[in-house]
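A.B. asks: Following this message is one structure expressed as structure tokens.
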Amino acid sequence: MAAEIINVTTEDQLKEALNIRKEVFVEEQQVPIDLEIDDYDSLDADAHHVLIKYDGEYAATGRVIYYDKESAKMQRIAVRKPYRSKGLGRVLLMAMETQARELRLVYSILDAQCQAEGFYNKLGYVTISDEPFDDAGIPHVRMKKRAELKII
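Encoded structure:
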């Protein structure tokens with residue numbers, strides 16, 4: 324079955340995205356809830372949330388915010404455990420990159436958990452931080468990718 328990409332526009336969709344993040348980050352990885360949920364987690368915030376539905380279930384989520392005038396920040400990228408290793412992380416990130424291109428942003432920036440650095444490398448991201456840094460008690464590296472221009 325194909326993955327369905329949903330650009331979040333309703334409170335119910337946002338609730339599903341937050342439920343996935345709570346499951347992955349708060350329950351699995353023990354990130355404190357007050358560090359996970361923030362001011363970007365509302366429909367009127369300057370953020371773009373994406374959901375991936377697979378086999379009729381919400382399986383993955385992420386959000387795009389503005390990092391600077393030419394860069395998007397890819398954040399809160401989460402795939403529920405039963406759906407990992409099915410290519411949904413790649414589908415999710417591609418959808419988020421599409422969102423960034425539609426916003427006319429040239430670069431995508433993300434803070435990757437060190438254990439996921441190889442995954443993002445395969446998708447064209449390059450590590451730009453000199454050393455890993457701590458985010459919510461988890462080692463991360465900052466990564467960057469230039470948007471691929473689509474010729475129409």
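Under the numbering used here, the final residue of the sequence shown carries the number 475; numbering is consecutive throughout.
Glycine included, every Cβ here is placed at the ideal spot set by N, Cα and C.
#1: Does DSSP put residue 401 in a helix, in a strand, or in coil?
#2: Flag this pair as touching only if the region 355-375 and the region 386-404 have three or more C-beta atom pairs under 8 angstroms; answer yes or no.
#3: Taking the runs of the alpha helix (DSSP H) that are 4 residues or longer, which of them lie wholly in the region 343-413?
#4: Taking 8 angstroms as the threshold (C-beta atoms), are residue 413 and residue 366 in contact?
#5: Residues in the same chain with beta-carbon distance under 7 angstroms from residue 458, minus the five sequence neighbours each way, listed in chain order, please.
#6: Starting from residue 454, follow the alpha helix (DSSP H) in both directions and report where the run begins and ends.
C.D. replies: Reading off the structure:
#1: Strand at residue 401.
#2: Contact holds: three or more Cβ-Cβ distances are below 8 angstroms.
#3: As far as the region 343-413 is concerned, its whole alpha helix (DSSP H) runs of at least 4 residues are 356-359.
#4: The answer is no: Cβ separation not under 8 angstroms.
#5: Result list for residue 458: 434, in chain order.
#6: Neither: residue 454 is in no alpha helix (DSSP H) and is coded neither H nor E.
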